[in-house]
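Reviewing the structure listed below.
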Amino acid sequence: MSTTEGAATLARTGWTLGVLGAGAVASVLSSVMLGSVNLPARDVASVFFGEGSALARLLVLELRLPRTLAAFATGGLLAVAGALMQVLLRNPLADPYVLGISGGAAVGALLTMISGLGLAWISGSAFAGALLSTLIVFGLAHGTGSWTPTRLLLTGVVVAAGWGAVITFLLAVRPSPELPGMLYWLMGDLAHARGNVLPWLTLIVIVGLALPLGRSLNVLARGPLQAAVLGVSVRRLEWTVYLLAALVTAVAVTTAGTIGFVGLIIPHMLRLVIGNDQRLLLPASALAGGILLTLADTLARTVIAPEQLPVGVITAMLGVPVFLYLLYRSRT
Amino acid sequence: MPASPARSRPPRLWWLAVLVFALVLPQAAPAAGGGNISVSDDRGRSVELSEPAQRIVSLAPHLTELLFAVGAGDRIVATVAHADYPDAARSIPRVGTAAQLDLEGLLAASPDLVIAWGSGSPGTALERLEKLGITVYYSEPGDFAGIAADLRRLGRLAGQPERGVREARAFLNAVATLREEFGERPEVSVFYQVWDQPLMTVNDGHLIGEAIRLCRGQNVFGHLDSLVPRPGLETVIAADPEAIVSGGPGEDREDWLEAWRDWNQLTAVQRDNLFFIPPSLLQRHTPRLADGTRMLCEALELARERRAGPRR
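So the sequence lines, in the order shown, correspond to chains S and H. Once you know that position 290 of the first sequence is 339 in my numbering, the rest is easy, because the numbers rise by one and skip nothing. Once you know that position 162 of the second sequence is 535 in my numbering, the rest is easy, because the numbers rise by one and skip nothing.
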């Protein structure tokens, strides 16, 4: 790589992250400003300087800010999970929701909730569910030869349908007092997010872990044979990415339920603009996914206020057309 | 806060949610004493107020109704969608639906007491409210006595203790009168239809099951474990109930009963024992349950009269 090229890459990286960072700040601000209760912008601003009315402080600091942070981290996690899976499968249609990984995590989490184990167990069993799902989908779709996109998607869709049935079964045999909450949680709803420390921690750690892998991931994206020829330990790298993707999905699902399509839309749109260099794509996905989900959740809270929508509805409305478009374009 | 009235929505979905979720029967615990106002709620937690609540938020239609019954309707500053009884309840500002709360709107109403529905209100949201220092009373009346207990306790919390006691007594008296009137009558086998697709009914542990027993009905699915069982059409036909009672999808829609007329080999159909009772009278845990139960008892009495066969 020549120096001018290197400088160009650096400039592009700077620009991309700068623009996305600004977007992130703007999305968080708008999410904190808007809600079902109209607070004047001045009141919201004064809260951050330690003033403001008691009500404004309550709404902004106790409700809007924690929820916004949870939304941002969850969106980032979902986008990174999508980006990782797309490298692994060399297929832009890979997404934790479409491939049934989120469904597996949801079943894991639901089992914990029904059996009444503590909150601490939910993430763990969600991870187990996500991992099992990943193994089933990738294992079956892999078969003897290489992945074919059709086979992968079909396997994923069928596994997702299976998890859906398990969820319906669990809810039917064990109606619990938590049921109304669970239904919305399963549709993807940040109203049930209990904290934002775990998702943020995971997001930072995952992006930090993925960056050193970026170069190998770039090579893997070209195909396992080329990667092996170029000295990448393909098996190990693939397994690492499996685990990371499952972990990221599990944390996202534990936080906000099964929100679909963020992992599909974000990496795809970013690739159109900044290319397919994973070293830039992964952190950019984290930021853009956060922006998307923060804005989608702001809509979910305000669009039919005082009634509230699960945010999964909004991401699906955006994601389904994108998915169909990608599928249509991949006919050739 | 923009106080938009309840949005018009298909009522079916909401009722389905209510029927599926209104199902847990914790026992009422004895009220605790104390310096200020202190009552024990249906989860056995002690709820304390230094003075009667002035700004109450009610998180389910039947809770709003209970509050109006004890004369605290004018203290409700916000409620949720579908709180439509009495008429005055329709103009109260809304903060979401029973299952999806608008927490911002709720906090903006600055309540000093929130009445939550134990099995219907979203747990995470209520945990957050409690953490913010808001007093929450969980209501989950599982039987006639539970409704009376809630009336008494809500009366105390809202500064209407005598009114609460009076309403509770009136309700229990109405139930006792029914028991006296119908408690010795011969049994009638009954299928109570909560929902049509899928078919849903109640077991003996449910409040509606208790009403059926009081009227000397014999619930054909009363022995099932699930509080709201979903029997197949075949099992209903095989059970051949003497009477079919349903709430229908709305307050005055008897569509579901009409559908049974196709099965004219059923005893209930042959004797025209298809009875409609407005769902809000039998399915909401409020004092109006006494009215709904009276309608049920009278319907079953009619079924007994029809045993003699059609008059010529």
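Beta carbons are placed, not taken as given, at the ideal position from N, Cα and C, and that holds for glycine. Note that the structure is a prediction, hence the values are computed from the model and not measured.
Looking at the secondary structure, which residues open and close the beta strand (DSSP E) in which residue i lies?
{"i": "H:Ser431", "result": "Ile429 to Ser431"}
{"i": "H:Gly590", "result": "Gly590 to Asn592"}
{"i": "H:Phe648", "result": "Leu647 to Phe649"}
{"i": "H:Gln566", "result": "Val561 to Gln566"}
{"i": "H:Leu422", "result": "Ser419 to Leu422"}
{"i": "H:Ile520", "result": "Unbroken run through H:Ile520 is the alpha helix (DSSP H), Phe517 to Leu530; no beta strand (DSSP E)."}
{"i": "H:Tyr511", "result": "Val509 to Ser512"}
{"i": "H:Leu486", "result": "Leu486 to Trp490"}
{"i": "H:Ile465", "result": "Per DSSP, H:Ile465 belongs to no beta strand (DSSP E) and is neither H nor E."}
{"i": "H:Ala451", "result": "Ile449 to Ala451"}
Measuring only from the beta carbon, is residue i closer than 7 Å to any heavy atom that is part of the ligand SAH?
{"i": "H:His455", "result": "Among the components of this structure there are no ligands whatsoever, and the ligand SAH is therefore not found."}
Name the chain S residues whose beta carbon is nearer than 7 Å to that of residue i?
{"i": "H:Gly519", "result": "Those do not exist, as H:Gly519 stays about 16 Å from chain S at its closest Cβ, beyond 7 Å."}
Going by beta-carbon coordinates alone, are residue i and residue j separated by less than 8 Å?
{"i": "S:Leu201", "j": "S:Leu138", "result": "yes"}
{"i": "H:Thr470", "j": "S:Glu356", "result": "yes"}
{"i": "H:Ser653", "j": "H:Glu624", "result": "yes"}
{"i": "H:Val468", "j": "H:Leu486", "result": "no"}
{"i": "H:Val563", "j": "H:Pro614", "result": "yes"}
{"i": "H:Ala495", "j": "H:Ala481", "result": "The question names Ala, but residue 495 of chain H is Pro in the sequence shown. Not in contact: H:Pro495 and H:Ala481 (Cβ atoms no closer than 8 Å)."}
{"i": "S:Gly272", "j": "S:Ile308", "result": "no"}
{"i": "S:Ser172", "j": "S:Val300", "result": "yes"}
{"i": "S:Leu203", "j": "S:Ile216", "result": "no"}
{"i": "S:Ser164", "j": "S:Leu344", "result": "no"}
{"i": "S:Gly205", "j": "S:Gly149", "result": "yes"}
{"i": "H:Phe544", "j": "H:Pro660", "result": "yes"}
{"i": "H:Ile585", "j": "H:Leu669", "result": "yes"}
{"i": "H:Gly444", "j": "H:Arg536", "result": "yes"}
{"i": "H:Arg589", "j": "H:Leu662", "result": "no"}
{"i": "H:Ala454", "j": "H:Thr437", "result": "no"}
{"i": "S:Thr161", "j": "S:Trp170", "result": "yes"}
{"i": "H:Leu530", "j": "H:Tyr511", "result": "no"}
{"i": "H:Arg679", "j": "H:Arg634", "result": "no"}
{"i": "H:Gly493", "j": "H:Asp415", "result": "no"}
{"i": "H:Ser431", "j": "H:Ile449", "result": "yes"}
{"i": "S:Phe176", "j": "S:Ala295", "result": "yes"}
{"i": "S:Ala154", "j": "S:Ala179", "result": "yes"}
{"i": "H:Leu655", "j": "H:Gly620", "result": "yes"}
{"i": "S:Trp441", "j": "S:Leu118", "result": "Residue 441 of chain S lies beyond the stretch modelled for chain S, which goes from 50 to 381, so this question has no answer here."}
Could you list which residues in chain H have their beta carbon closer than 9 Å to that of residue i, in chain order?
{"i": "S:Ser85", "result": "Met374, Pro375, Val468, Gly469, Asp475, Leu476, Glu477, Gly478 and Ala481"}
Under DSSP, the alpha helix (DSSP H) around residue i begins and ends at which residues?
{"i": "S:Val86", "result": "Note, S:Val86: premise wrong, no alpha helix (DSSP H); not H, not E."}
{"i": "H:Glu540", "result": "Pro534 to Phe555"}
{"i": "S:Ile308", "result": "That residue, S:Ile308, is in no alpha helix (DSSP H); it is neither H nor E in DSSP."}
{"i": "H:Trp629", "result": "Asp628 to Trp633"}
{"i": "H:Ile581", "result": "Leu580 to Leu587"}
{"i": "H:Ala481", "result": "Leu476 to Ala481"}
{"i": "S:Ile255", "result": "Val246 to Leu269"}
{"i": "S:Ser334", "result": "Gln327 to Thr351"}
{"i": "S:Ser164", "result": "Ile150 to Ser164"}
Along chain H, in chain order, which residues have C-beta atoms closer than 8 Å to that of residue i?
{"i": "S:Leu148", "result": "Here the premise fails: no neighbours, minimum Cβ distance about 28 Å."}
Going along chain S in order, which residues have a C-beta closer than 8 Å to the C-beta of residue i?
{"i": "H:Ala454", "result": "Glu356"}
Exercise. Within the chosen definition, does the segment 414-431 of chain H reach the segment 520-538 of chain H through at least 3 CB pairs nearer than 8 Å?
Worked result: Contact annotation: the segment 414-431 of chain H touches the segment 520-538 of chain H, with at least three C-beta pairs closer than 8 Å.
Exercise. What residues in the segment 602-625 of chain H have a beta carbon less than 7 Å from any beta carbon of chain S?
Worked result: Taking 7 Å as the cut-off between beta carbons, none of the residues of the segment 602-625 of chain H comes near chain S.
Exercise. Looking at chain H, which residues of the segment 112-137 of chain S have a Cβ within less than 7 Å of any of its Cβ atoms?
Worked result: Within the segment 112-137 of chain S, Leu112 place their CB atoms closer than 7 Å to a CB of chain H, listed in sequence order.
For this session: Give the residues from the segment 353-375 of chain S that approach chain H closer than 7 Å (Cβ to any Cβ), ordered along the chain.
Result: Within the segment 353-375 of chain S, the qualifying residues are Ala354, Pro355, Glu356 and Gln357.
For this session: Report the residues of the segment 420-445 of chain H with a CB closer than 9 Å to any CB of chain S, ordered along the chain.
Result: Of all residues in the segment 420-445 of chain H, none places a beta-carbon less than 9 Å from a beta-carbon of chain S.
Exercise. Are three or more beta carbon pairs between the segment 532-548 of chain H and the segment 598-608 of chain H nearer than 8 Å?
Worked result: With the rule of 3 Cβ pairs closer than 8 Å, the segment 532-548 of chain H does not count as touching the segment 598-608 of chain H.
Exercise. If contact means a Cβ-Cβ distance below 9 Å, which residues of the segment 491-509 of chain H contact chain S?
Worked result: Residues passing the 9 Å Cβ filter: Gly491, Ser492, Gly493, Ser494, Pro495, Gly496, Thr497, Ala498, Glu500, Arg501, Lys504 and Leu505.
Problem set entry | Touching by the beta-carbon criterion (3+ pairs, under 8 Å), the segment 589-596 of chain H and the segment 644-659 of chain H | No, the segment 589-596 of chain H does not touch the segment 644-659 of chain H.
Exercise. Taking Cβ-Cβ distances below 7 Å as the criterion, which residues of the segment 91-115 of chain S are in contact with chain H?
Worked result: Close to chain H, meaning a Cβ-Cβ distance shorter than 7 Å, are the following residues of the segment 91-115 of chain S: Leu104, Leu107, Leu108, Glu111 and Leu112.
Exercise. Would the segment 260-270 of chain S and the segment 280-293 of chain S be scored as touching if the rule is three or more Cβ pairs under 8 Å?
Worked result: Output reads yes: the segment 280-293 of chain S touches the segment 260-270 of chain S.
Exercise. Is the segment 111-131 of chain S touching the segment 140-150 of chain S in the sense that three or more CB pairs, one from each, lie closer than 8 Å?
Worked result: The answer is yes - the segment 111-131 of chain S touches the segment 140-150 of chain S, with three or more Cβ pairs under 8 Å.
Exercise. Can at least three beta-carbon pairs, one atom from the segment 114-126 of chain S and one from the segment 334-348 of chain S, be found at a separation below 8 Å?
Worked result: Yes, since at least three Cβ pairs between the segment 114-126 of chain S and the segment 334-348 of chain S fall closer than 8 Å, the two stretches touch.
For this session: Mind the definition here: the segment 111-123 of chain S touches the segment 78-85 of chain S only if three or more C-beta pairs lie below 8 Å; say whether that holds.
Result: The segment 78-85 of chain S and the segment 111-123 of chain S touch, with three or more beta-carbon pairs separated by less than 8 Å.
Exercise. Can at least three beta-carbon pairs, one atom from the segment 239-257 of chain S and one from the segment 82-94 of chain S, be found at a separation below 8 Å?
Worked result: Result no; under three Cβ-Cβ pairs closer than 8 Å.
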